[in-house]
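Chemist: Residue numbers (the working numbering): 18 to 908.
Glycine included, every Cβ here is placed at the ideal spot set by N, Cα and C.
I have a structure I would like to understand better, so I am pasting it below and will then ask my questions one at a time.
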């Protein structure tokens with residue numbers, strides 16, 4: 018917990034140098050008098066042991082440490098021969114003030130006290146927020162009349178709103194999945210079985226996450242939204258297959274047994290594939306791994322639970338709930354037929370025609386397999402170019418419900434002047450629609466929250482998302498509008514930026530880096546290199562709002578003590594420095610007690626005696642002979658310029674650069690552009706290092722590019738173990754690249770970038786692409802091995818039989834992610850990035866998979882047969898029965 022604009026109390030002793038000099042007193046005399054007469058005393062006891070024969074033991078109390086202003090005013094600083102007494106109140110103004118005055122806190126241009134509360138590592142933010150609110154309500158009971166408090170920004174509200182939005186999305190996804198299930202199965206009994214899988218999987222996932230110590234947060238809920246369309250898939254496959262067997266005349270029990278003998282292996286294979294996709298992701302390290310891990314574990318856990326449910330509960334429900342073919346419909350079924358029967362009939366007719374069209378299209382594709390493979394190769398090449406054209410990102414910039422303004426006045430501007438500019442900035446911002454408040458800190462620099470009289474930092478909490486529904490009232494749009502209006506302020510450089518998407522990774526959004534003077538070339542050289550780099554950054558179209566808080570032209574006064582003169586005047590150097598420190602810099606003297614606590618006593622010259630250079634020279638100290646000597650006789654003051662703050666980063670003197678991408682560019686493009694500029698402009702001995710969010714993005718590197726092929730490899734190995742073959746898994750794996758092209762195309766059209774959440778979406782698509790392919794390949798393999806079909810006939814029949822469950826499961830997933838693509842409110846940027854990727858990718862890979870998977874299957878089967886035949890011929894040639902006859906022996 019920190020306090021800005023207030024802080025601890027302090028007994029401020031404001032000295033009058035002229036009155037001290039008139040009484041032949043120095044600042045050191047005052048400090049010594051305070052330390053002598055404001056002391057903590059333990060007077061002792063009467064009769065304390067050992068004291069034989071003593072009847073009583075009595076404590077002695079002595080008033081040593083002072084407590085109020087009047088007691089300090091009564092401190093005796095000097096007594097004269099004529100019994101004249103000089104007290105502290107005669108030469109100083111004493112008041113109970115603040116320990117520091119370097120930062121002024123304002124709320125909507127009114128004086129205020131700002132108390133930011135920071136979360137400790139490992140603490141639960143929502144729980145902490147509740148405790149803070151409860152504590153403040155308790156403290157409010159003791160507030161003086163007319164005093165109140167308000168919580169202007171609470172990041173947990175964003176978290177809670179994000180969770181609420183995801184829960185709303187989850188409910189929407191469930192509703193859409195319900196409609197898809199009813200549309201295809203068309204009986205309430207059959208529809209009920211997949212729908213039961215949703216609460217079973219969700220509750221089971223929560224239970225497992227709790228057992229492993231994970232919390233329910235936006236990331237795990239995102240995973241559940243994606244999992245909704247996955248957990249019903251297995252149950253849909255079971256029910257659809259049972260319904261097909263019932264339509265062929267089997268009883269529900271017999272149909273269930275027959276169906277499970279056909280779909281058990283595909284369900285197990287699909288589950289293993291999805292676990293293989295997300296299992297390795299859980300072990301990715303770094304910040305990227307933290308995002309991946311929540312998704313991976315949530316989807317993997319829900320998938321395993323769904324598979325167990327589909328192999329146990331779903332068959333049991335199917336055998337009990339489903340009715341034999343031709344059975345009399347019940348009351349609810351008759352109501353459904355009356356309301357939706359005509360629609361279902363038209364849908365079935367249309368679906369039958371679509372199925373026939375698919376069979377014809379598939380037949381054409383199979384007859385021209387070589388052309389299909391050539392087109393497949395062209396699509397992979399197109400995918401490669403498309404993927405490289407999508408700009409790299411990291412975490413999407415989010416509307417965090419507040420903005421940050423940075424103001425930098427000319428060097429050495431006074432705090433009063435800075436406050437005036439800060440008030441103008443707040444006045445402009447409060448007139449902007451969407452801005453709720455202005456929390457202003459005049460005298461605070463964004464660079465490390467250090468004090469700087471010429472800088473200010475202003476936070477603008479925005480209205481609730483429910484009041485900012487239009488795009489013009491989004492955080493970035495408001496920031497752009499404010500930047501245009503702030504250009505009218507001529508007294509300062511002002512920029513309004515969005516905050517970082519992850520709390521704790523910096524104060525400002527965009528990127529931040531440190532330019533390091535590794536050769537110790539000095540402030541001038543560092544500033545020159547910095548200015549040259551910023552000059553090119555302003556001209557780069559990929560960069561927007563690059564700036565630095567580093568300044569070297571801050572006016573300074575150098576005090577040089579003439580040691581020869583000091584010796585001639587019999588003035589000790591320590592007395593000279595003490596006089597300067599006490600009068601101009603303030604000096605902590607000792608402590609005093611007030612309100613049950615201990616605070617500091619601080620001495621300093623009063624404001625009228627330390628406002629200009631002419632006030633320095635008349636200050637006086639005492640020489641060894643007891644004479645008062647003005648400092649002007651022993652010091653020389655010269656003017657110079659230099660940095661107001663010397664910052665070090667990794668032990669090197671450094672200067673910061675803050676910036677971000679221009680509209681239409683990604684964070685990766687902005688970083689690459691800035692890195693190129695620095696590589697070209699920085700002289701020898703100068704280097705740079707990224708920090709905050711940019712460092713995390715650089716550290717993550719090509720994690721997504723490495724994880725994707727690794728997951729595909731794991732899937733291949735799992736399928737190879739499942740089918741005990743290295744060739745058959747290829748018929749499934751070859752469809753995986755086809756999920757990239759539609760996803761990349763959607764990202765390009767949506768002006769998105771390749772960030773963490775799009776990469777997570779692509780991993781989800783790997784598992785789903787394999788799922789559809791497994792349904793075709795598994796049934797084709799079954800028809801070949803059990804019924805003696807050739808590869809082409811088997812795969813055509815399998816594709817026709819599996820068309821309905823493939824479209825059902827794919828449409829259920831697609832409809833489940835529709836709410837993500839249309840997301841609004843808190844965290845909408847993340848949900849939208851994820852939704853667009855999986856929505857487009859799933860539609861594309863379903864279409865490509867239905868046409869290309871049979872081609873891959875026939876190609877792989879034929880290639881495998883040729884390889885086996887060649888191996889058999891080589892084996893026969895090398896067998897003992899085919900060895901050449903031995904030549905006869907000769908003497």
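1. Please state the DSSP three-state secondary structure of residue 79.
2. Which term fits residue 905, buried or exposed, when burial requires 16 or more other beta carbons within 10 angstroms of its beta carbon?
3. If you draw a straight line from the alpha carbon of residue 468 to that of residue 526, how long is it in whole angstroms?
4. Return the residue from the list 353, 852, 621 that minimises the CA-CA distance to residue 114.
5. For residue 1, does the three-state DSSP call read helix, strand or coil?
6. Distance check for residue 476 and residue 421, CA to CA, integer angstroms please.
7. Roughly how far, in whole angstroms, is the beta-carbon of residue 650 from the beta-carbon of residue 586, given that I think they are within contact range, below 8 Å?
8. Starting from residue 533, follow its DSSP beta bridges and name the residues at the other end.
9. Rounded to a whole number of angstroms, what is the C-alpha to C-alpha distance between residue 180 and residue 338?
10. In its own chain, which residues sit with a C-beta less than 6 Å from the C-beta of residue 592, not counting the 5 before and 5 after it?
11. Taking all protein chains shown into account, do 16 or more other C-beta atoms lie within 10 angstroms of the C-beta of residue 266, making it buried, or fewer, making it exposed?
12. Quick one: what's got a C-beta closer than 6 Å to residue 900's C-beta in the same chain, skipping five residues either side?
13. In the structure shown, what three-state DSSP assignment does residue 839 receive?
14. Pick from 106, 537, 68: whose alpha carbon is nearest that of residue 86?
15. For the beta strand (DSSP E) holding residue 457, just list the boundary residues, first then last.
16. For the alpha helix (DSSP H) that contains residue 436, what are its first and last residues?
17. If you reduce the DSSP assignment to three classes, tell me which class residue 40 lands in.
18. Check this for me: beta carbons of residue 872 and residue 383, under 8 Å apart or not?
19. Can you give me the start and stop residues for the alpha helix (DSSP H) that residue 284 sits inside?
20. According to DSSP, residue 341 sits in a beta bridge with which residue or residues?
21. Hey, residue 247 and residue 318: beta-carbon distance below 8 Å or not?
22. Kindly list the residues whose CB is nearer than 7 Å to the CB of residue 166, restricted to its own chain and excluding five residues on each side of it in sequence; keep chain order.
23. Label residue 287 either buried or exposed according to how many other C-beta atoms from any shown protein chain fall within 10 Å of its C-beta, with 16 as the threshold for buried.
24. Kindly provide the ranges of any beta strand (DSSP E) runs that are 3 or more residues long and lie completely inside the segment 796-826, ordered along the chain.
25. Give a yes or no on whether the C-beta atoms belonging to residue 847 and residue 782 are separated by under 8 Å.
26. Rounding to the nearest angstrom, what Cα-Cα distance links residue 478 and residue 495 in this structure?
27. If I follow the unbroken alpha helix (DSSP H) through residue 225, where does it start and stop?
28. Alpha carbon to alpha carbon, how far is residue 464 from residue 324?
29. What residue range does the beta strand (DSSP E) around residue 95 cover?
30. Evaluate contact between the segment 822-836 and the segment 741-757, counting only Cβ atoms and requiring at least three cross-stretch pairs below 8 Å.
31. In whole angstroms, give me the CA-to-CA distance for residue 388 and residue 733.
32. Does DSSP put residue 613 in a helix, a strand or coil?
33. I'd like to confirm something about residue 423: is its beta-carbon nearer than 7 Å to some heavy atom of the ligand ZN, or not?
34. Suppose contacts are defined by Cβ-Cβ distances below 8 Å. Is residue 666 in contact with residue 568 by that definition?
35. Could you work out which residue in 64, 83, 82, 816 is closest to residue 75 when comparing CA atoms only?
36. If you drop the 5 nearest sequence neighbours on each side, which residues of the same chain put their C-beta closer than 8 Å to that of residue 120?
Modeler: Reading it off the structure:
1. coil
2. Here the model assigns residue 905 a pLDDT of 45, short of 50, so the residue's position is not dependable and the matter cannot be decided.
3. Approximately 21 Å between the Cα atoms of the pair.
4. 621
5. Given that the chain is displayed from residue 18 to residue 908, the structure contains no residue 1 and the question cannot be resolved.
6. 5 Å
7. 6 Å
8. 671, 704
9. 36 Å
10. If the five residues before and after residue 592 are omitted, its C-beta is found closer than 6 Å to the C-beta atoms of 638, all from its own chain and listed in chain order.
11. exposed
12. Confidence at residue 900 is low in this model, with a pLDDT of 47, below 50, so the placement of that residue should be treated as unreliable; the coordinate-derived value is given next. Closer than 6 Å at the Cβ level, and outside the excluded window around residue 900, lies no residue.
13. Residue 839 falls in the coil class under three-state DSSP.
14. 106
15. 456-461
16. Looking at the DSSP string, the run of the alpha helix (DSSP H) that includes residue 436 is 432-447.
17. Residue 40 falls in the coil class under three-state DSSP.
18. yes
19. 269-295
20. According to DSSP, residue 341 bridges with nothing at all.
21. Contact: no.
22. 153, 157
23. buried
24. none
25. No. Outside cutoff.
26. 11 Å
27. 205-228
28. 53 Å
29. 93-96
30. no
31. 26 Å
32. Secondary structure at residue 613: coil, using DSSP grouped into helix, strand and coil.
33. No copy of the ligand ZN appears in this structure; indeed no ligand is present at all.
34. It is not a contact, given that the beta carbons lie outside the stated cut-off.
35. 64
36. Taken in chain order, the residues that qualify are 21, 22, 458, 459, 460, 461, 468.
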